[in-house]
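Visitor: For reference, the structure I am asking about is given below.
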Amino acid sequence: MGLSVRNAIEPTLRLSEEEVPDPTGVRLGLAYVIPFFQSRAILASFDLEKTKWMNTRLHAGIELQLHSLLALRVGIADGVLTSGTSVQWKGVGVDYTFESGQLDNVHRIGASFSLGPTIEQSRQAALEKQEKEMREKLAVSFEQRQSERIRELFARADNAQSQGRYEEALEILAVIMALEPEHNEAQSKKVQCLLKLGKKYESKGDYTTAALTYSRVLALVDDDPTVKADYDRCRTISDRLAARSKQIRRLFATSMDAFSAQDLVKAREGFSAILQVAPTDMEAADMLKRTNNAIHQRVADLMRQANNLIEWGHLDEAQSVIEEAQNLDPESERVRLTISHLAEAKRTREQYRHQQDERELSAHGASADPDGKTSSHTIDVPSSLEVKPLTEKQKREIKHLYERGMNAMSENNNQDAIRYFELAWSIDHNYQGVVEHLKRMYLMQGMEYFADGKLDKAVQQWENALRVDPTDERAIGYLSRAREQVARTQQILGEKK
Numbered sequence: 401m402g403l404s405v406r407n408a409i410e411p412t413l414r415l416s417e418e419e420v421p422d423p424t425g426v427r428l429g430l431a432y433v434i435p436f437f438q439s440r441a442i443l444a445s446f447d448l449e450k451t452k453w454m455n456t457r458l459h460a461g462i463e464l465q466l467h468s469l470l471a472l473r474v475g476i477a478d479g480v481l482t483s484g485t486s487v488q489w490k491g492v493g494v495d496y497t498f499e500s501g502q503l504d505n506v507h508r509i510g511a512s513f514s515l516g517p518t519i520e521q522s523r524q525a526a527l528e529k530q531e532k533e534m535r536e537k538l539a540v541s542f543e544q545r546q547s548e549r550i551r552e553l554f555a556r557a558d559n560a561q562s563q564g565r566y567e568e569a570l571e572i573l574a575v576i577m578a579l580e581p582e583h584n585e586a587q588s589k590k591v592q593c594l595l596k597l598g599k600k601y602e603s604k605g606d607y608t609t610a611a612l613t614y615s616r617v618l619a620l621v622d623d624d625p626t627v628k629a630d631y632d633r634c635r636t637i638s639d640r641l642a643a644r645s646k647q648i649r650r651l652f653a654t655s656m657d658a659f660s661a662q663d664l665v666k667a668r669e670g671f672s673a674i675l676q677v678a679p680t681d682m683e684a685a686d687m688l689k690r691t692n693n694a695i696h697q698r699v700a701d702l703m704r705q706a707n708n709l710i711e712w713g714h715l716d717e718a719q720s721v722i723e724e725a726q727n728l729d730p731e732s733e734r735v736r737l738t739i740s741h742l743a744e745a746k747r748t749r750e751q752y753r754h755q756q757d758e759r760e761l762s763a764h765g766a767s768a769d770p771d772g773k774t775s776s777h778t779i780d781v782p783s784s785l786e787v788k789p790l791t792e793k794q795k796r797e798i799k800h801l802y803e804r805g806m807n808a809m810s811e812n813n814n815q816d817a818i819r820y821f822e823l824a825w826s827i828d829h830n831y832q833g834v835v836e837h838l839k840r841m842y843l844m845q846g847m848e849y850f851a852d853g854k855l856d857k858a859v860q861q862w863e864n865a866l867r868v869d870p871t872d873e874r875a876i877g878y879l880s881r882a883r884e885q886v887a888r889t890q891q892i893l894g895e896k897k
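What the sequence shown shows, in this note's numbering, is residues 401 to 897, in sequence order.
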């Protein structure tokens with residue numbers, strides 16, 4: 401809407417001996433843009449003009465934006481028909497106007513040239529520069545914070561080891577190895593702690609756990625002869641104390657090797673077979689319990705991962721994860737429920753594809769059912785599966801949210817920044833740098849939680865990062881390494897957490 405008043409203080413023009421007043425004029429106008437398909441839009445305008453010595457004049461018109469390069473116009477100016485077209489390309493514009501005059505038709509051709517960027521282009525360039533600086537700042541901050549946290553964790557592990565708290569030291573080192581797998585000092589200290597822990601179990605007479613601990617050391621130091629001797633000694637004592645036969649000794653050794661190599665199915669089968677022959681073998685019973693606990697935890701992690709993949713629409717990947725869990729525990733209730741979830745998601749996807757096919761057919765005429773009759777059946781599909789062009793209101797909203805997120809991030813208010821970016825991402829997944837910002841923030845928060853021993857919260861943050869970008873290698877690596885390192889440590893310590 402616009403309102404203009406011309407000659408509010410009425411001037412006069414001197415003509416020879418007389419003065420002629422230039423009357424006050426008022427003009428009121430309205431304009432409205434109606435988007436109707438992708439980048440196309442209709443601009444409708446209407447205004448009235450009135451002066452003291454002139455009757456009210458009507459001006460109205462419609463502009464159809466067929467393309468970013470081409471527009472067509474038609475309208476009336478005080479009862480006179482007007483029309484025209486406009487072509488814009490790389491800052492150069494050519495306009496043509498036709499006016500049906502009372503005396504003769506009028507044709508006007510004009511050309512315009514843009515010198516320098518437009519206001520919108522300058523604003524966009526400034527925003528892109530700010531985003532680039534923020535991404536670089538966030539990346540540097542992320543790396544610095546990770547290095548700081550690893551140094552803090554390493555100091556805690558070193559202190560725990562010096563005080564003989566080897567189990568605690570191993571748990572802290574597992575966190576470090578999950579965040580930075582190639583950390584050589586952590587790897588070396590892990591070997592030291594495992595050796596000390598093996599000696600501790602051996603001194604307590606827990607030769608099975610001691611042998612398992614030494615096997616972990618052997619996997620890290622490439623068959624060190626001293627460690628191999630410790631491992632063989634504990635296995636021999638364990639077999640002698642359990643009075644195992646030659647056949648059971650071989651089966652126990654094979655099962656222990658499978659457990660160390662994370663082949664949990666083979667380990668479970670081996671320990672179960674031993675207990676069928678020797679029900680009183682307490683070490684085999686303890687190892688079977690550890691194996692079942694490890695399987696239970698692994699299945700729970702896999703099903704959580706599969707359900708997330710289903711929610712994100714990655715159904716084939718979810719199927720592979722479910723099959724891995726089925727191999728571990730075919731009777732699991734968790735697996736059964738997740739299979740049902742996947743089946744429902746597949747049905748929904750097929751319905752959506754079918755509806756899309758019907759829409760394509762309807763664009764060329766009415767669709768027909770197998771009997772040749774016209775079909776008007778519509779399949780109910782969740783609206784979240786449909787990708788619709790953004791309305792002008794949504795475009796303004798997402799821009800506003802994104803700018804507020806950038807401001808919050810520049811003020812180190814990460815929680816507010818995440819909220820604004822999440823809202824913007826929910827409207828348009830591909831809007832500018834929103835994906836990159838969200839990923840980095842979720843990765844950093846996950847690292848903080850994990851370093852503080854809050855595994856569940858860390859996993860939730862890293863899964864948020866994968867929800868935003870399912871292909872992010874860092875988030876995938878954090879999740880897999882965290883679960884593997886923690887699971888291996890728990891297996892050594894014989895704990896279920």
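Heads up, the beta-carbon is just placed ideally off N, CA and C, and yes, glycines get one too.
As the structure is a prediction and not an experimental result, all values here were calculated from the model.
#1: For T613, which residues from the same chain have a beta carbon less than 7 angstroms from its beta carbon, with the 5 sequence-adjacent residues on both sides left out?
#2: Please look up how many angstroms separate the CB atoms of E717 and L709, rounded, as I've assumed it's under 8 angstroms.
#3: Does Q676 pass the burial test, meaning 16 or more other C-beta atoms within 10 Å, or should it be called exposed?
#4: Can you give the Cα-Cα distance for A560 and A586, rounded to whole angstroms?
#5: For E417, which three-state DSSP category applies?
#6: With a floor of 4 residues, list each alpha helix (DSSP H) that falls wholly inside the segment 491 to 564, ordered by position along the chain.
#7: In three-state terms, what does DSSP make of M454?
#8: Among residues of its own chain, excluding the 5 on either side of T424, which ones have a beta-carbon nearer than 8 angstroms to its beta-carbon?
#9: Give the straight-line distance between the Cα atoms of Q755 and R749, rounded to the nearest whole angstrom.
#10: Would you decide whether N812 is buried or exposed? Buried here means 16 or more other CB atoms lie within 10 Å of its CB.
#11: Grab me the residues of H583's own chain with a C-beta within less than 6 angstroms of its C-beta, minus the 5 sequence neighbours each way, in chain order.
#12: Thinking C-beta only, is F542 closer than 8 angstroms to R881?
#13: Helix, strand or coil for I674 per DSSP?
#14: With contact counted as at least three CB pairs below 8 angstroms, one residue from each stretch, are the segment 828 to 848 and the segment 794 to 813 in contact?
#15: Quick one: using the 10 Å Cβ neighbour count with 16 as the cut-off for buried, is I509 buried or exposed?
#16: Bridge partners of V474, per DSSP?
#17: Just the Cα atoms here: how many angstroms apart are L515 and V494?
#18: For I442, count neighbouring Cβ atoms within 10 angstroms of its own Cβ and tell me buried if that reaches 16, exposed if not.
#19: Quick check on Y831: does DSSP put it in helix, strand or coil?
#20: For L403, which of helix, strand or coil comes out of DSSP?
#21: Report yes if the CB atom of T485 is closer than 8 angstroms to the CB atom of L472, and no otherwise.
#22: Hey, quick one: how far does the alpha helix (DSSP H) through A408 stretch, first residue to last?
#23: Does the beta-carbon of V420 have 16 or more other beta-carbons within 10 angstroms, so that it is buried, or is it exposed?
#24: What's the C-alpha gap between I550 and Q861?
#25: Just the C-alpha distance for E463 and L866, rounded to the nearest angstrom, thanks.
#26: Quick one: Cα of F436 to Cα of K793, how far?
#27: For Q465, I'd like the list of residues in its chain whose CB is within less than 8 angstroms of its CB, leaving aside the five on either flank, ordered along the chain.
#28: By how many angstroms is the C-alpha of I818 removed from the C-alpha of R635?
#29: Which residue marks the beginning of the alpha helix (DSSP H) containing H800, and which one marks its end?
#30: Between the Cα of Y820 and those of H829, I798, A525, E863, spot the shortest distance and give me the residue it belongs to.
#31: Which residue or residues does DSSP assign as beta-bridge partners of E449?
#32: Can you list, in chain order, the stretches of the beta strand (DSSP E) that have 3 or more residues and sit fully within the segment 563 to 612?
#33: Can you tell me the Cα-Cα spacing of Y831 and S522, whole angstroms?
#34: Near L664, what residues of its chain come up, given a Cβ to Cβ distance below 8 angstroms and the 5 sequence neighbours on each side ignored?
#35: Residue range of the alpha helix (DSSP H) that A685 falls in?
#36: Considering R640, what are the terminal residues of the alpha helix (DSSP H) in which it resides?
Guide: On the basis of the coordinates in this document:
#1: Same-chain partners within the cutoff: L594, L597, G598, Y601, I892.
#2: Contact flag correct, Cβ pair sits at about 5 angstroms.
#3: Residue environment for Q676: exposed (fewer than 16 other C-beta atoms within 10 angstroms of its C-beta).
#4: Between A560 and A586, the C-alpha separation is close to 13 angstroms.
#5: In this structure, E417 counts as coil in the three-state DSSP scheme.
#6: Along the length of the segment 491 to 564, whole alpha helix (DSSP H) runs at least 4 residues long occupy 519 to 562, reported in chain order.
#7: Three-state DSSP puts M454 in a strand.
#8: For T424, where only same-chain residues beyond five positions count, the Cβ hits under 8 angstroms are V405, R406, N407, A408, E410, T451, K452.
#9: The C-alpha of R749 is placed about 10 angstroms away from the C-alpha of Q755.
#10: Burial check for N812: the Cβ neighbour count within 10 Å stays below 16, so the residue is exposed.
#11: Apart from sequence neighbours up to five positions away, the residues of its chain that approach H583 with a beta-carbon distance below 6 angstroms are I576, ordered along the chain.
#12: No, they are not a contact pair.
#13: I674 carries a helical assignment under DSSP once its states are collapsed to helix, strand and coil.
#14: Contact between the segment 828 to 848 and the segment 794 to 813 is present, because at least three Cβ pairs lie under 8 angstroms.
#15: By the neighbour-count rule (16 or more Cβ atoms within 10 Å), I509 is not buried but exposed.
#16: In DSSP, V474 forms a bridge with I462, S483.
#17: Those two C-alpha atoms are separated by around 15 angstroms.
#18: Flag for I442 reads exposed.
#19: It is coil, neither helix nor strand.
#20: Here L403 carries a strand assignment [DSSP, helix/strand/coil].
#21: Result yes, Cβ atoms of T485 and L472 sit closer than 8 angstroms.
#22: Unbroken run through A408: none, as it is neither H nor E.
#23: Flag for V420 reads exposed.
#24: Each residue's alpha carbon lies about 19 angstroms from the other.
#25: Going by the C-alpha atoms only, they are around 44 angstroms apart.
#26: Inter-residue distance for F436 and K793 is about 13 angstroms (C-alpha atoms, whole angstroms).
#27: The answer, listed in chain order, is S439, R440, A441, I442, L443, A471.
#28: So the alpha carbons of these two residues sit roughly 53 angstroms apart.
#29: Unbroken alpha helix (DSSP H) run through H800: 792 to 810.
#30: The residue with the shortest Cα to Cα distance from Y820 is I798.
#31: Note: E449 sits in a beta bridge opposite R427, R457.
#32: Correct list: empty.
#33: Taking the Cα positions, Y831 is about 18 angstroms away from S522.
#34: For L664, where only same-chain residues beyond five positions count, the Cβ hits under 8 angstroms are A658, T691, A694, I695, R698, L728.
#35: Per DSSP, A685 belongs to the alpha helix (DSSP H) from 682 to 711.
#36: Counting along the chain, R640 sits inside the alpha helix (DSSP H) bounded by residues 625 to 641.
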